[in-house]
Structure formats: structure tokens, C-alpha cells
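Each residue of the sequence shown is one higher than the one before, starting from 6 at the first, in my numbering.
Cβ atoms here follow ideal geometry from the backbone N, Cα and C, with glycine treated the same way.
What you are looking at is a predicted structure, and each value in this text was computed from that prediction instead of being measured.
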Amino acid sequence: MEQPDPLIHQPVRLKIMAALKALPVGELIEFVRLKAIVAATEGNLGAHITTLEDAGYVVVEKDFVAKRPRTRMMLSKQGRRAYDDYLDYLREIIALSES
């Protein structure tokens with residue numbers, strides 16, 4: 006990879022990807038919880054999640070719990086691969102700077 010993935014490289018999206026990558030495969034996190042972790046506004050987080058979902062990096066599930074809407078998300082297989090590639094890119098930069 007010559008350049009970092011621009012979808013992941015944006016600071017808020019990088020935080021989102023890192024938080025979702027920390028979850029076990031297949032585990033979903035609620036929007037409200039992710040909002041607290043990333044420290045973003047609802048609108049800002051929603052826009053970034055949509056960008057990542059459109060890219061196929063994030064899977065979003067919406068349902069209801071006791072008649073209240075709930076939005077949860079997780080990294081897709083493609084998203085996990087993209088995040089791993091992004092980390093490899095950063096490791097390459099570090100290795101080059103150390104040599």
C-alpha cells in the first residue's frame with residue numbers, strides 16, 4: 006500500500022474502525038456506546054458510519070427493543086481486512102523510519 010486508505014485515515018473514522026476492530030468477530034456495539042467511545046456528536050458519528058457502511062467496511066443493524074429503536078454495528082470482513090491493511094501501512098512507515 007503506497008498511501009493510507011483515505012476512508013480510514015480520517016481521524017473520527019479511524020477511531021470508529023479501531024473501536025469496532027476491538028470487538029470479537031460478529032459482536033455488535035450500540036450506536037450510543039460507540040458515540041461515547043469516539044467522543045463524537047450524533048450527527049457526526051452517523052455521517053461517518055454511513056460513509057464506512059457505503060464502503061462495505063461496517064455492517065449496520067437496526068431493530069427495536071421494547072418499542073424503542075436501536076442501531077448497532079460491527080466491522081464487516083472487508084472492514085477487518087481494510088483495517089489490518091491500514092495497520093500494515095503504518096508498520097511499514099515505522100520500519101522505514103527506523104532503518
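Mind checking who residue i pairs with in its DSSP beta bridge?
i: D68; result: R75
i: V3; result: There is no way to answer for residue 3, as the model of the chain reaches only from 6 to 104.
Could you tell me the boundaries of the alpha helix (DSSP H) in which residue i lies?
i: S102; result: 82-103
i: V37; result: 36-43
i: A24; result: 16-26
Going along the chain, which residues of its own chain have a beta-carbon closer than 8 Å to the beta-carbon of residue i, five neighbours each way excluded?
i: L57; result: L12, R18, I21, M22, V63, G84
i: E35; result: R75, T76, R77
Do residue i and the ligand COA come close, with the Cβ less than 7 Å from some heavy atom?
i: I42; result: With respect to the ligand COA, the structure shown offers nothing to examine, as it has no ligands at all.
*Indicate whether the contact test is met: 3 or more Cβ pairs, each with one atom in the region 27-38 and one in the region 66-83, closer than 8 Å.*
yes
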